[in-house]
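Asker: Before we start, here is the structure in question, set down as C-alpha cells.
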Amino acid sequence: MIQYAAIFLFALGFYGLFVNKNIIKLIVSLNVMEIGLFLFIISIGFVSDGIAPIVSSVDDLGLIYVDPIPQALVLTAIVIGVGTTALGLALSKNIFDTYHTLELDELEAIQ
Amino acid sequence: MNIILLIVIPLLVAFLSILVKKYQMMLLIFVALFNVIILFFLKQGMIFVGGYEDELTHNLLGITLFLDVYAVIALWVINGLILVIALLNIKSYQTYGTILLLAMAGLNGLVLANDLFNLFVFIEISGIAAYLITTSNKKPVSTFKYLLYGSIGSSLFLFGIVILYAMFGTLNIVIMIREIEALNDYRQLILPFLMMFIGLGVEAKLLPFNHWVKGVLGTSNSLSGPMIASVYMAATTFVFGRLITNLFQFEGSLLLVVTILLTVGILVGDLMAFSSTKVREILLFSSIAQSSIIVLLFVNGLVIWAVYLIIANALSKTVMFLVINHSVQKTNDDEVESLKGLFSHNLLVGTTFTIATLSLMGLPLFIGFIIKLNYLTMFAQQNQFIVMIVILLASLIEGIYLVRLLIKLWYPGDQKVEVKYHLAFKVVCVVIALSLLVFGTYSNPLNKLDHNIDEISEVVIHG
Amino acid sequence: MTFFDVFSLIISVLILVIAFLAINAKKLIHSVIYLSALSMLAVVAFILMKAPDVAITEAVIGSGLVTALFIFVLLSIKRRDAK
Amino acid sequence: MKKFFGLIVAFAFGLMIILALRNMSGFPAYGDVNLAERISGSYFQSAIAELVGSANIVTSVVLGFRAFDTLGEVTVLFVSSLGVALILDFKHKKRMELAFKPNFMLKTASYILVSIILVVSFYMILHGHLSPGGGFPGGAMIASSVLLLYLADDQFRSKIQGFKILESAAGSLIVVIGLVGLVIGTAYFENFLNTGVIGNLLSAGIIPIIYVLIGLKVGSEIASVIDQFLTEEEKS
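Protein chains in written order, with the numbering used here: chain A, 1210 to 1320; chain B, -2 to 460; chain C, 19 to 101; chain D, 120 to 355.
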C-alpha cells in the first residue's frame, strides 16, 4: 500500500515541477518527489514479517530480516538531497537579491 | 598504482585546499599532472573497494571499479582537457580551483564506476560541481534551471536503478549484464531502461530535457564553456555508451522510440543553430546535435566510431569554445556581426579555429571525415536508410551555418575588432588542431585501438 | 486487515493529501509547513517499513534542517520585500 | 482548471508506472521478497557478518561493504557547503536580526538545552554500529544545536574558521584511513583493525572511528551552511 502511495507521490512531485512557476515552490516539489522516491526504495526492500536489520548478537543471525541495502542507499540519497536543496535555496536567495522576484516567467522576461 | 588513486587523491587535495585558499589553482594543476602521469602505469582489470570479494560464491559483496581500454581513453580525454583548461584559466578564475578538483574526482569516478548506485553518486558529485562551475557565468537563473533539470534527471536514473535492483538483486554492472542476458526479454525491462535513458539524457543534452543548455552555454565564459561543452559531455557520453552497449537491450518498439527521439534531436539542434545569430548559441546547438549523433551511434552498436566522434568532438569543441568565449569576454557582445574580421588580426588562432570547425563538419583531410565516412557506411550495411538521410541532411545544414560563421569571422567588417590572445592560448590551440590534422591523414594508430575496443563486451561479460 | 495494514493505509492517504496541499498551497510559508509535515509522515512510514536508521536521519535532516533553511530564505525575502 | 488537468495527468503517470511494474514478472510484490536471491542475503551469514563485525547491519553496509558510496556522499555535502559559501559571499557580513528580541532567560535556558542535544548526538554517533542512527543524524543534531544557539542568542556568530578547519581535518582523515587500508591491507577502505565480538562497543574495527569523523564533518558543514543563510549584506 505504501509502495503505491510512494509512486503516486513521485508522480505528484513531477506534476508540481511542471505546474509551479515560483522558485521556492519548485524546490518544494523537488523535495516532495525525492521523498516519494525514498519511500519507494525502502518499500522495495520490505519483507512482510521481517524485523529491522539490527543484530543483537552473533547467534540470532538466522531470523528473518528486512533488506539492509535499500536503507543504506536511502541514507546516502537523503543527504545528497539536502545538498542539492541547500544549493537551490542559496541560488534562490541570490536571485531574489538581484532581481527582487521569484517568479520564473518574470525572470525570463527580465533576462 | 591502484586505479582508485585517480578518485581519492583529488578528493584528499580538495578537502585540504579549503585551508589554503590562495594556492588552490596550483594544487589543481599538480593533481591534474599527477593523474595524467598515473595513467601510464594503470593496469586494466577490476578492483574491489574494501576488499570484500566473497570467494565462496564468488559474488562481489562490495563496490568494484573496472578499468578497460574504453575507460583508459575516457580518462585520457577527461584529465588531459581539465589540465589544459585549468592552465588557461589560472589567473582569471582563482576561486574555482577546489570545485574543479572535485569535478575531476567526480568525472574519473563516473567513468570507472562498475556499480549502479556508485554511478548515481558520482553523477551527483560531478553534477553539483558543474552547477557551481556555471555560477561563474553570473546568471543565477540559468544555473538554477540547470540544477533543477540535473536533479530531475538523477532522480529518474535512481528510480531506474532501484527497479533493476528489485528484479535482479544486485547492483554490480557486470553481474547485472549476465542476468539481463540470461533473461533476454527486453519487454520486461522497458520501464527501467527508458527511465535511465532519459535520466542520463538530461546530462548528455538529449532532446526531452535539454532546455537548460541554452541558458548555461549561451552565457558561458572561458572556464564554464569548455568544461561543460567538451569535458562533461565527453564523460557523460562515455558512461552513456558503456551502459547502452552492455546493459540496455534496445530492440523492437524501445529501439524505435529511442531512434525517433534522437533523430528529432539531431534535426532540431542543427535547425536551431542554423537560425541563431549569436556565436555561442550556434556552438551550443551544434554540440546538442553532435551528442544526439553520438548516442545514436551507441544505440546502433557502432562503439568504435562513437568513441572517435566523442574524442574529435571534445577536442574541436574545446578549441572553438575557448577562442569564442575569450573574444566575447573582451568585446562582451554576442552577435556574430560584432566579431566580424576577428581572425584577420590573429591569424594563428584563426587557422586553428578553422581546422577545428572543418574537422567538426567532416571535410576530407581531417579526422571528422574518416569518422563520418565510416559510420555512414556502417549504417548503409545495416540498411537503416532513414537514419542515414537524417544524418546527411543534418551535416548539410551544419556545413552551411559553420561556413557562414567562418566567412564572417575571417573577412573584416567596418569597425575594427582587436582581441589579443596570450601565448599559452595559441600553444594549446595549435597542439589540439595539429592532433586533429595528424589523426585525419595518418589514422593507423586509431585502427590499432580498434580491435581492443571491440572486446569491451567480452571483457565485461567474463569479468 | 491487521492494525498494521489499516495504519499504513491511513498514512498513505494522509501522505498524498499533505503532498497535494504542499504543492498547491497559495502562500509559500504554508507550502513549507506542509512539506515539513510530509517529512514527519515519511518518518512514520519508514518506521512502519522497519527502517529505523532512515527514520532517524529523515526526522533530523528532513523535517528539522531543511525546513529551517526554507524558513530562513523566506524570512530574508519578506525582510527584503518590506524595505 | 489547469491544475485539475495537470492532476489527472500526474495520476495517470503514477498509474502507468504501477501497471508497468505489475506486469514485470521479475519485480517482486510489496512484502514478499526472498533475501536469499539478493546480494543482501549473504550479509547475514555469520562468516561475512564477522568480517565487518558491526551489530547494525545497515551500518556494516553503509561503512563496510559500500563504504565508497559514503565517501562520495560526504564529498557531496562538502561541495554543497562550499557552493553555498561561494554563492552567498558578501563583502562584509552582518547577522540577520530576527523579529523577536530574545531575553536573558531564553539565552541561559538554550545553553542548557544545547548541551543536552550535544550529549544525545555524541551518544548516537558513538553507538552508530550498535543501534540505529550514526554519523549522519548525529552530525545533523550537532548542526541543529548550533541552529538553536543562533535563534536563541542574537549576537551569536559561530567561528566560521573553526568549522572550516574541523570539516577539512575530518574529511581528509576519512580519506587517509582509507589509504592506510590500501597500504596495510590489499584494498581501499579495508577494515584493518580487528573486528571484535558483534555487539560490543569496541567492535567493528575502523567503522566507529569513521562514523565519528563523518558525524563531525556533517555537523560542521551543515552548521556553516546555516551560518551562511543567517548572515546578510551589511548595508554600509
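Glycine residues also receive a C-beta, built at the ideal position from the N, C-alpha and C atoms. Treat the numbers as computed from the prediction; the structure is a model and nothing was measured.
#1: Taking C-alpha atoms, which residue in B:137, B:349, B:92 and B:72 lies nearest to residue 20 (chain B)?
#2: Measuring only the C-alpha atoms, how far is residue 168 (chain B) from residue 111 (chain B)?
#3: Just curious, the beta strand (DSSP E) that residue 212 (chain D) is in, first and last residue?
#4: Is there a Cβ of chain A sitting closer than 8 Å to that of residue 140 (chain B), yes or no?
#5: Among residues of its own chain, excluding the 5 on either side of residue 1211 (chain A), which ones have a beta-carbon nearer than 7 Å to its beta-carbon?
#6: At the level of alpha carbons, what is the spacing between residue 178 (chain D) and residue 1244 (chain A)?
#7: Just to make sure I have the definition right: I need the residues of chain A whose C-beta is within less than 7 Å of the C-beta of residue 26 (chain C). Which are they?
#8: Which same chain residues end up closer than 6 Å to residue 1300 (chain A) when comparing Cβ atoms and leaving out the 5 residues on each side of it in sequence?
#9: When DSSP builds the beta bridges, which residues end up paired with residue 139 (chain D)?
#10: Count the other CB atoms within 10 Å of the CB of residue 142 (chain B); is the residue buried (16 or more) or exposed (fewer)?
#11: Taking C-alpha atoms, which residue in A:1286, A:1281, A:1276 and A:1304 lies nearest to residue 156 (chain D)?
#12: With C-beta atoms as the reference, is residue 434 (chain B) less than 8 Å away from residue 352 (chain B)?
#13: Which stretch, first to last residue, makes up the beta strand (DSSP E) that contains residue 64 (chain B)?
#14: Does DSSP classify residue 99 (chain C) as helix, strand or coil?
#15: Using a Cβ-Cβ cut-off of less than 8 Å, list which residues of the stretch 1283 to 1299 of chain A approach chain B; keep chain order.
#16: So for residue 43 (chain B), helix, strand or coil by DSSP?
#17: Under the assumption that residue 0 (chain B) contacts residue 39 (chain B) (Cβ atoms under 8 Å), give the Cβ distance between them as a whole number of angstroms.
#18: Give every residue of the same chain whose Cβ lies closer than 6 Å to the Cβ of residue 248 (chain D), excluding the five residues on either side of it in the sequence, and list them in chain order.
#19: Once you ignore the five residues that flank residue 260 (chain B) on each side, which residues in its own chain have a CB closer than 6 Å to its CB?
#20: Pull up the distance between the alpha-carbon of residue 1282 (chain A) and that of residue 60 (chain C), whole angstroms please.
#21: Looking at the strands, I want to know which residues DSSP matches up with residue 110 (chain B).
#22: Apart from the five residues on each side of it in sequence, which residues of its chain come closer than 6 Å, Cβ to Cβ, to residue 460 (chain B)?
#23: Hey, residue 94 (chain B) and residue 219 (chain B): beta-carbon distance below 8 Å or not?
#24: Does the Cβ of residue 1309 (chain A) have 16 or more other Cβ atoms within 10 Å, making it buried, or fewer, making it exposed?
#25: Tell me which same chain residues have a C-beta within less than 6 Å of the C-beta of residue 236 (chain B), skipping the five on either side of it?
#26: Tell me whether the beta-carbon of residue 40 (chain C) lies closer than 8 Å to the beta-carbon of residue 56 (chain C).
#27: How is residue 463 (chain B) classed by DSSP in three states: helix, strand or coil?
#28: Buried or exposed: where does residue 408 (chain B) fall if 16 or more other Cβ atoms within 10 Å of its Cβ makes it buried?
#29: Taking 8 Å as the threshold (C-beta atoms), are residue 148 (chain B) and residue 196 (chain B) in contact?
#30: With distances taken Cα to Cα, identify the nearest neighbour of residue 275 (chain D) among D:127, D:282, D:283 and D:265.
#31: Closer than 8 Å by beta-carbon distance: list the chain D residues that pair up with residue 1238 (chain A), in chain order.
#32: Which residue's Cα is closest to the Cα of residue 216 (chain B): B:298, B:405 and B:133?
#33: If you measure from the beta carbon of residue 185 (chain B) to each beta carbon in chain D, is any gap under 8 Å?
#34: Does the beta-carbon distance from residue 83 (chain C) to residue 341 (chain D) come in below 8 Å?
#35: Report the rounded CA-to-CA distance for residue 313 (chain B) versus residue 367 (chain B), giving the unit in angstroms.
#36: How many angstroms separate the CA atom of residue 240 (chain D) from the CA atom of residue 193 (chain B)?
Answerer: By the coordinates alone:
#1: Per the Cα distances, B:92.
#2: Just so you know, the alpha carbons of residue 168 (chain B) and residue 111 (chain B) end up roughly 9 Å apart.
#3: Element bounds for residue 212 (chain D): 212 to 214.
#4: At a cut-off of 8 Å between C-beta atoms, residue 140 (chain B) counts as an interface residue with respect to chain A.
#5: Excluding sequence neighbours, residue 1211 (chain A) sits near 1248 and 1252.
#6: Counting only the Cα atoms, residue 1244 (chain A) lies some 22 Å from residue 178 (chain D).
#7: Correct list: 1210 and 1211.
#8: Non-local C-beta neighbours of residue 1300 (chain A) in its own chain, meaning closer than 6 Å and more than five positions away in sequence, are absent.
#9: DSSP links residue 139 (chain D) through a beta bridge to no other residue.
#10: Flag for residue 142 (chain B) reads buried.
#11: The shortest Cα separation from residue 156 (chain D) among A:1286, A:1281, A:1276 and A:1304 belongs to A:1276.
#12: A contact, by the Cβ cut-off of 8 Å.
#13: First-last of the beta strand (DSSP E) with residue 64 (chain B): 60 to 64.
#14: Looking at residue 99 (chain C) - three-state DSSP - the assignment turns out to be helix.
#15: Within the stretch 1283 to 1299 of chain A, the residues whose Cβ lies closer than 8 Å to some Cβ of chain B are 1285, 1286, 1289, 1292, 1293, 1296 and 1297, listed in chain order.
#16: In this structure, residue 43 (chain B) counts as strand in the three-state DSSP scheme.
#17: In this structure residue 0 (chain B) is in contact with residue 39 (chain B), their Cβ atoms being roughly 6 Å apart against a cut-off of 8 Å.
#18: Cβ neighbours of residue 248 (chain D) beyond the five flanking positions: 173, 175, 178, 323, 326 and 327.
#19: For residue 260 (chain B), the CB contacts under 6 Å within the same chain, skipping 5 residues up- and downstream, are 387 in chain order.
#20: Between residue 1282 (chain A) and residue 60 (chain C), the C-alpha separation is close to 16 Å.
#21: Its beta-bridge partners are B:62.
#22: Confidence is the limiting factor: at residue 460 (chain B) the pLDDT is only 44, short of 50, which leaves the residue's position unreliable, though a coordinate-based value still follows. Excluding the 5 residues flanking it on each side, residue 460 (chain B) has same chain C-beta neighbours closer than 6 Å at 171, in chain order.
#23: Remark: C-beta atoms of residue 94 (chain B) and residue 219 (chain B) do not approach each other more closely than 8 Å.
#24: It is exposed - the Cβ of residue 1309 (chain A) has fewer than 16 other Cβ atoms within 10 Å.
#25: Excluding residues up to 5 positions away in sequence, 107 lie with their Cβ nearer than 6 Å to the Cβ of residue 236 (chain B) in the same chain.
#26: Yes, the Cβ-Cβ distance between residue 40 (chain C) and residue 56 (chain C) is below 8 Å.
#27: Chain B is shown only over -2 to 460; residue 463 (chain B) falls outside these bounds and no answer can be derived.
#28: Residue 408 (chain B) should be labelled exposed.
#29: Their beta carbons are not under 8 Å apart, which means residue 196 (chain B) does not touch residue 148 (chain B) by this criterion.
#30: If we check each option's Cα against that of residue 275 (chain D), D:265 comes out closest.
#31: Taking a Cβ-Cβ cut-off of 8 Å, residue 1238 (chain A) has no neighbours in chain D, whose nearest Cβ is about 11 Å from it.
#32: The shortest Cα separation from residue 216 (chain B) among B:298, B:405 and B:133 belongs to B:133.
#33: Chain D, which has a Cβ nearer than 8 Å to the Cβ of residue 185 (chain B), makes this yes.
#34: If you check the CB distance, residue 83 (chain C) and residue 341 (chain D) come in under 8 Å.
#35: Taking the straight line joining both Cα atoms gives about 15 Å.
#36: Counting only the Cα atoms, residue 193 (chain B) lies some 38 Å from residue 240 (chain D).
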